[in-house]
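First up is the structure itself, then whatever we jot down about it.
Written out as structure tokens, the structure reads:
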């Protein structure tokens, strides 16, 4: 989902003069990485979406990307909505729900379970004022009662650190932990990380990120490489 972006509230900023705001986003990347696993079998991805935001903090959106799991699934469509705001101490917060849909999956694929699933999520974000490199720390939690492939309850936790380097360059670090109630069905819990660097040029953002696994367990997403470099170009307007 929205490869990179774990916080929805950070993508929509509204002023009193703009009660409603609609934005679009598009991206091209060398791979679609989601929680440490390739969703396109290490092939390029084209993605895009639409977002609506209200001055009250209510937001909703839709996002889609091509996928490839070796069966008839070739597109992922995400529908999400929630409420975001900021506490008086400057900590941003966000709560919402997200539905992942994979249309076109055939019963003859024998995939073992329905790919479509729903998650509820919550996140917190804080940028330290008047501190060199303007560090931003965020935390994210998601729960699904029946995760991808009908493997049962899943829990996901991520911690992100973003730094603003000179010349408008951004540096981002992420640690994620994917956990399952039923390891016999879903496989082992696993941890992953990423390190990325980005630069805005005009209306475009160029990003290069390194993804890796912390555990030696088999990936939930198949037998792909445990490490990968992904380059993307994105824009929003």
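Numbering (our numbering), first residue to last: 8 to 244. C-beta: ideal position from N, C-alpha, C; glycine also. Note that the structure is a prediction, hence the values are computed from the model and not measured.
Asked	Found
So, residue 189 versus residue 157, is the Cβ gap smaller than 8 Å?	no
Can you tell me whether residue 172 is buried or exposed? The criterion is at least 16 other CB atoms within 10 Å of its CB, across all chains shown.	exposed
Report buried or exposed for residue 174, applying the criterion of at least 16 other Cβ atoms within 10 angstroms of its Cβ.	exposed
In the structure shown, what three-state DSSP assignment does residue 184 receive?	strand
Ordered along the chain, which non-local residues of its own chain (more than five positions away) have a Cβ less than 8 Å from that of residue 160?	150, 151, 152, 153, 154, 187, 188 and 189
What are the boundary residues of the alpha helix (DSSP H) that residue 191 is part of?	190–193
Suppose only complete runs of 4+ residues qualify. What are the alpha helix (DSSP H) ranges in the stretch 134–179, listed by chain order?	none
For residue 212, list the residues DSSP reports as bridge partners.	207 and 241
Beta-carbon within less than 7 Å of residue 80's beta-carbon, same chain only, minus the 5 sequence neighbours each way: which residues are those?	74, 109, 111, 112 and 122
Three-state secondary structure (DSSP) at residue 25?	coil
Grouping DSSP H, G and I as helix and E and B as strand, with all else coil, what is residue 101?	strand
Out of 205, 240, 166 and 130, state which residue places its alpha-carbon closest to the alpha-carbon of residue 198.	166
Measuring straight from C-alpha to C-alpha, what distance separates residue 181 and residue 25?	33 Å
Determine the burial state of residue 50: buried for a count of at least 16 other Cβ atoms within 10 Å of its Cβ, exposed for fewer.	exposed
So if DSSP puts residue 85 in a beta bridge, which residue, or which two residues, is it bridged to?	70 and 107
Please report the distance separating the alpha-carbon of residue 195 from that of residue 87.	28 Å
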